[in-house]
Structure formats: structure tokens, C-alpha cells
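In our numbering, the protein residues as written are 155 to 352.
Step one of this worksheet: look at the structure below.
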Amino acid sequence: MKNRELNVDKYVTGAVNTPCGWAYLAASEAGVVACIWPLTEEDLVTWKDGHDHYQDLINFKNGCSADKTAVEKNEHAILKQAAEALLAYFSGDFAPLENIEIDSRNLSLWQRMVYYSVRAIPRGEVRSYKWVAAECGKPGGARAVGQALAINPTPLFVPCHRVVHSDGRTGNYTSRGKIPGSMIKKYLLQWEKVKTVY
Numbered sequence: 155m156k157n158r159e160l161n162v163d164k165y166v167t168g169a170v171n172t173p174c175g176w177a178y179l180a181a182s183e184a185g186v187v188a189c190i191w192p193l194t195e196e197d198l199v200t201w202k203d204g205h206d207h208y209q210d211l212i213n214f215k216n217g218c219s220a221d222k223t224a225v226e227k228n229e230h231a232i233l234k235q236a237a238e239a240l241l242a243y244f245s246g247d248f249a250p251l252e253n254i255e256i257d258s259r260n261l262s263l264w265q266r267m268v269y270y271s272v273r274a275i276p277r278g279e280v281r282s283y284k285w286v287a288a289e290c291g292k293p294g295g296a297r298a299v300g301q302a303l304a305i306n307p308t309p310l311f312v313p314c315h316r317v318v319h320s321d322g323r324t325g326n327y328t329s330r331g332k333i334p335g336s337m338i339k340k341y342l343l344q345w346e347k348v349k350t351v352y
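Structure (C-alpha cells):
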């Protein structure tokens, strides 16, 4: 999104309540445009204001199971699939998230390359910023990888939490809400059962 503010009026939007906070989703006919996550309920109200087309998609029940009725009512297939994939992810079924299309039309070529490489990192594994840079044909471009990941508009769909420092530090993670990004990143790596972070 080239650091531009997302104009959600151009997209179908909705929200999913996950164990780590609300995810505000925006999608086009080409795929998911944004996943603003994690948000508190207060943050979500701010996002909802002024968007009459906003739809509540689904809520977790006790953080572990879901009532899919609300999702089934949504007419936008990609938004529905994205919501279901997030719910599946936090229920332990990781595969659906990997199959959701991302609308990359507003991304720079560099962002597309970085996000494509990061999406190829298997669950349960991590790669270094240096590795991603090399995959994108820019050895020595680890900092540029970090900059692209810092503005990743679709966290979880593009699993930037799987990119770490070569020296073992997990590195930063952009948090959209009140939970510190470093805590979220460590939680996601533990959730995906990453044993070794290098």
C-alpha cells in the first residue's frame, strides 16, 4: 500500500474477533487488501465509524469455537473466506490461511517480492531477514525487507512473524492495537510450534 492510508470505502469490510483481538478485514474482488490486527473493541469502533457498509462477520465463542452463521450471511466470497481462514488458524487449522488470495495491486514491486517469499515460509519454520532479501535477489537488503514487513497490510495472511534475525532475536512486529508487537510475534511462533528461532 506504499505507506498510504487505506481507503476502506472502496472495499467490502468486516471484522473477526480472535483470541488476540479483533481483526478488521478489507477485501476486493481480487483478494484481501488489509488485515488490521490486533485491535481492541475500542479500536474497532473507531474503524467502524463512518463506514455504513461495515458488517460484523463472526465472533469467537470462549476463544476456541465459532458460530459460523454470521459468516454464512456475508455475500462477499473473498471476505467470507478470509474470515473463515482466520477462525480456522486460531482453531489450529493453518492451511486455509495460506490459500487466501492477496490483492497486491496497490503494492510496490519490492513489497510483492518480499510478501511472496514470506508466504512461502512453511508453518513451524522461520527464516531470517537476510534469507528473504536473498530470495528476492537483493543480498544485503535485510533492512529493506524489514521496512517492507513493517508496513505489511495483511499480517497472518503474509506471515511476517516467521521472519527473524539471524542472531536469534525474534525482531519487531507491527502491532495495530495495545498489545506489544514483540509479544504477539512470540505468541504466534509458539502457536505454530516453532522450536528454534535463529
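Glycine included, each C-beta is placed from N, C-alpha and C at the ideal position.
The model shown is predicted, which means the values in this text are computed figures rather than measured ones.
Between residue 294 and residue 347, the C-beta gap is not smaller than 9 Å, which leaves the two residues out of contact.
Under the DSSP definition of a beta bridge, residue 312 partners with 309. Secondary structure at residue 281: strand, using DSSP grouped into helix, strand and coil. For the pair residue 175 and residue 333, the Cα-to-Cα distance works out to about 9 Å. Closest option to residue 183, judged by alpha-carbon separation, among 280, 250 and 256: 256. Closest in C-alpha terms to residue 300, from the list 244, 265, 349 and 190, comes 265. Comparing alpha carbon positions, the residue from 168, 238, 263 and 172 closest to residue 338 is 172.
In terms of Cα proximity to residue 335, the closest of 191, 186 and 166 is 191.
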